[in-house]
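Below is one structure, written out as structure tokens; comments come after it.
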Amino acid sequence: MIVLMQCVDCGKQTDKLYGGSCVECYLKTHKLITVPEYVDLTVCVYCNARESNGAWIDGTMEEVVESAVESSITAARDVSIFSISVQQKQRDKSLYDLDITVSGTVMDIPFTEKYQSVLRVARNACDRCCKYTGGYFEAIVQLRAKNRQPSDEEIKAAKDLVSKHIRSMQEGDRDTFISKIEEVKGGIDFYLSTQGSGNIISKLLQSRFGGSHQSSVKIAGMKAGVDIYRVTHLVRMPEYRPGDVLKYKNKDYVVKNTNDRTASITNIQNLETFSLSHTELDDSKIIFKKEDIHEAVVVYVASDTVQIIDPENSKAVDVSLPRGYKPGEIVKVARSEGRNILIP
Ligand SMILES: [Zn+2]
Ligand SMILES: [Zn+2]
């Protein structure tokens, strides 16, 4: 049996009252949602990031306006909001008209209500862009080479590697950036915005180019009572590069490749290949740079010599034979004391 009750506001008979009122009167007399006349939003002039609750976030205008609206509206007690949708129409450079639709329930009554508000957009610079435009950095990674200048090739490879890696780091951390890249006498310097990126980039360069890594810390000032540290990383590539020929313990070796700790080298007489640490190879001496190594064509092969066309004077010349070659084959040769040496 349904018991009917009377609404205190309109006198209507109903089977359910909300604080003495029928559904209609309850919704009419209670303010469920409060939407401010203005919703304020700050946008970075440089990168379009939006400030949201004190943090800067990248995202589309729609996404950020929605989250700004969500955080600016308040719901009465007993109201649960299910969804908020926002239609925005730009009025001028900094004002947008907003149509806001809120759905939810109060007590157990479902409701959908529409509101209007105005979005005010202010322009400012985000933390990251402030730092960037101010030349901020916390780490310097210096790439150098032992007893030589890094080659243009190495400088370019390092730049590409660092730029690419920083871009991928930025996807997870918007505060990471390259503040400056400076080519200096003896190498290249990367100025980086965070200590973490300095650690990562110095290890990356060392594993790509080999050699040693040292770091030093300096106090660069104070911020909010805390010391600011700046770390300088020095990555020094070995003197030798893949393709160079070394004299090591009176034998000649071609460098095949290098990594952060070792170089793999091949004996040019017996073709034995093995790895040695950069420290062990400290005693080695470069006898040919890879630029000094030329290509030559094999014309004739005898039992213990191979005849090639000398790249210097185009004459046929005999060279002692470290391994079986075939006529017509292209070989690498380097000239030492007037003699050609075959490089495997
Ligand atoms: Zn009523
Ligand atoms: Zn910015």
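For the sequence shown, my numbering begins at 19 and goes up steadily by one. Every residue, glycine too, gets a C-beta built ideally from N, C-alpha and C. Predicted model, so just to flag it, every value in this text is computed and none were measured.
Counting only heavy atoms of ligand 2, the residues whose C-beta sits closer than 7 Å to one of them are, along the chain, CYS62, TYR64, CYS65, ALA67, TRP74, ALA143, CYS144, ARG146, CYS147. Two segments are said to touch when three or more pairs of C-beta atoms, one from each, lie closer than 8 Å; by this definition the region 113 to 133 does not touch the region 168 to 179. Note that the C-beta distance between GLU201 and ILE173 is below 9 Å.
Under the three-state reduction of DSSP, CYS147 is assigned to helix. Within the DSSP secondary-structure output, ALA352 pairs in a beta bridge with ILE359. Of the residues ASP322, ILE348, ALA314, the one whose Cα lies closest to the Cα of SER332 is ALA314. Contact holds between the region 73 to 84 and the region 103 to 118, because three or more Cβ pairs, one in each stretch, are under 8 Å apart.
Annotation for SER103: the continuous beta strand (DSSP E) segment containing it runs 97 to 108. Within the DSSP bridge table, the entry for LEU113 names ARG138 as partners. Per DSSP, reduced to three states, the secondary structure at CYS43 is helical. Between ligand 1 and GLY72, a heavy atom-to-CB distance of less than 8 Å is absent.
Every residue whose Cβ sits closer than 6 Å to any heavy atom of ligand 1 is listed here in chain order: CYS25, ASP27, CYS28, LYS30, SER39, CYS40, GLU42, CYS43. The three-state secondary structure of GLY342, taken from DSSP, is coil. Between ARG192 and ARG146 the beta-carbon gap is near 6 Å, inside 8 Å, which marks them as a contact. Counting along the chain, LEU299 sits inside no alpha helix (DSSP H), nor does DSSP assign it H or E at all. When the five nearest sequence neighbours on each side are left out, the beta carbons in the same chain lying within less than 8 Å of the beta carbon of HIS48 are those of ALA94, VAL124, in order along the chain.
For ASN285, the enclosing beta strand (DSSP E) has its first and last residue at 280 to 285.
Scanning its chain for C-beta atoms nearer than 7 Å, with the 5 sequence neighbours on each side dropped, one finds around GLU131 the residues LEU50, ILE51, VAL120, in chain order.
Counting other Cβ atoms within 10 Å of its Cβ, PRO128 stays below 16 and is therefore classed as exposed. Distance check between VAL316 and each of ILE305, GLU298, SER338 places SER338 closest, using alpha-carbon atoms only. Pairwise C-beta distances place the region 263 to 277 in contact with the region 292 to 304, as three or more of them are shorter than 8 Å.
Its chain contains CYS25, ASP27, CYS28 as the residues whose beta carbon lies nearer than 7 Å to that of CYS43, once the 5 sequence neighbours on both sides are disregarded; these appear in chain order. Around the C-beta of MET23, fewer than 16 other C-beta atoms lie within 10 Å, and the residue is accordingly described as exposed. Residue pairing by DSSP places ASN275 opposite SER282 in a beta bridge. Per the C-alpha coordinates, the member of ASP115, ASN275, CYS65 positioned closest to THR291 is ASN275. Secondary structure at SER211: coil, using DSSP grouped into helix, strand and coil.
For ASP245, the enclosing beta strand (DSSP E) starts and ends at 244 to 255. Out of SER282, SER321, PRO329, SER354, the CA that lies nearest to the CA of TYR343 is found in SER321. Apart from the 5 residues on each side of it in sequence, VAL53 sits with its Cβ closer than 7 Å to the Cβ of ILE91, ILE118, TYR133, SER135 in its chain, given in chain order. Annotation for ALA163: the continuous beta strand (DSSP E) segment containing it runs 157 to 163. When C-beta atoms of the region 183 to 190 are compared with those of the region 205 to 218, three or more pairs fall below 8 Å, so the two segments count as touching.
By the criterion of at least three beta-carbon pairs nearer than 8 Å, the region 218 to 233 is in contact with the region 250 to 260.
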